[in-house]
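Taking it in order: structure first as structure tokens, then the write-up.
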Ligand SMILES: CC(C)(COP(=O)(O)OP(=O)(O)OC[C@H]1O[C@@H](n2cnc3c(N)ncnc32)[C@H](O)[C@@H]1OP(=O)(O)O)[C@@H](O)C(=O)NCCC(=O)NCCS
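Numbering (the working numbering), first residue to last: 1 to 155.
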């Protein structure tokens, strides 16, 4: 069932197994190669490096999330997604803006991520947020095989 458009949402840190269930659901609705519970469990063993912010609505504990690593003074954004029925309403922009604020609070100065060259919606979002392309990784993605653009911005 598609969620209704909403103006009522808030952004929070991931907290516990129920949130992880929500993240896995958004993953499965968003990516052709979703990360598994085991992959996240592995990541979350190191909470000083692996950080996950979630978007909540009154109806659902997790409608979107952003997972990033803090590596010295950089954040590496690994995954960001919003449930399909709630995209295009500014929630992704609000989430990323909050992630940069959190990153600055943690001491980061720069942010980087990879994006599929064909992912025009995400590329527009990142461009609007001030990311610039600094290179490419050939055949970085599978299913389907595709190059990645490497983007950076200051936090
Ligand atoms: C990328 C993503 C997180 C953006 O979240 P969002 O909540 O749709 O973002 P916003 O509403 O803030 O809009 C950002 C841009 O998305 C585009 N957009 C608008 N409606 C959209 C829709 N229904 N679906 C997808 N993108 C849409 C627009 O280009 C918008 O930019 P604009 O306002 O300049 O036109 C979301 O589309 C998503 O989950 N995509 C699938 C997973 C993914 O590709 N993640 C990125 C991997 S690098």
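Glycine included, each C-beta is placed from N, C-alpha and C at the ideal position. On a predicted model such as this, the values are computed, not experimentally measured, just so you know.
Nonlocal neighbours in the same chain, by C-beta distance under 6 Å from residue i, ignoring five residues either side
i, result
"residue 22", "61 and 62"
"residue 30", "81"
"residue 143", "32 and 33"
"residue 112", "76 and 152"
Proximal residues to residue i (C-beta, below 8 Å), its chain only, five neighbours per side dropped
i, result
"residue 114", "137, 140, 148, 149, 150 and 151"
"residue 56", "9, 10, 11, 12, 62 and 63"
"residue 118", "146"
"residue 133", "149, 150 and 151"
Continuous beta strand (DSSP E) stretch holding residue i: start and end
i, result
"residue 19", "Counting along the chain, residue 19 falls outside any beta strand (DSSP E), though it belongs to the alpha helix (DSSP H) covering 17 to 30."
"residue 54", "50 to 56"
"residue 80", "74 to 82"
"residue 137", "132 to 141"
"residue 64", "64 to 71"
"residue 115", "110 to 116"
DSSP three-state assignment for residue i, whether helix, strand or coil
i, result
"residue 126", "helix"
"residue 13", "strand"
"residue 151", "strand"
"residue 146", "strand"
"residue 88", "coil"
"residue 120", "helix"
Unbroken alpha helix (DSSP H) run spanning residue i, endpoints
i, result
"residue 38", "37 to 43"
"residue 102", "91 to 105"
Cβ neighbours of residue i in the same chain (closer than 7 Å, five flanking residues each side left out)
i, result
"residue 123", "115"
"residue 83", "3, 26, 29, 63 and 64"
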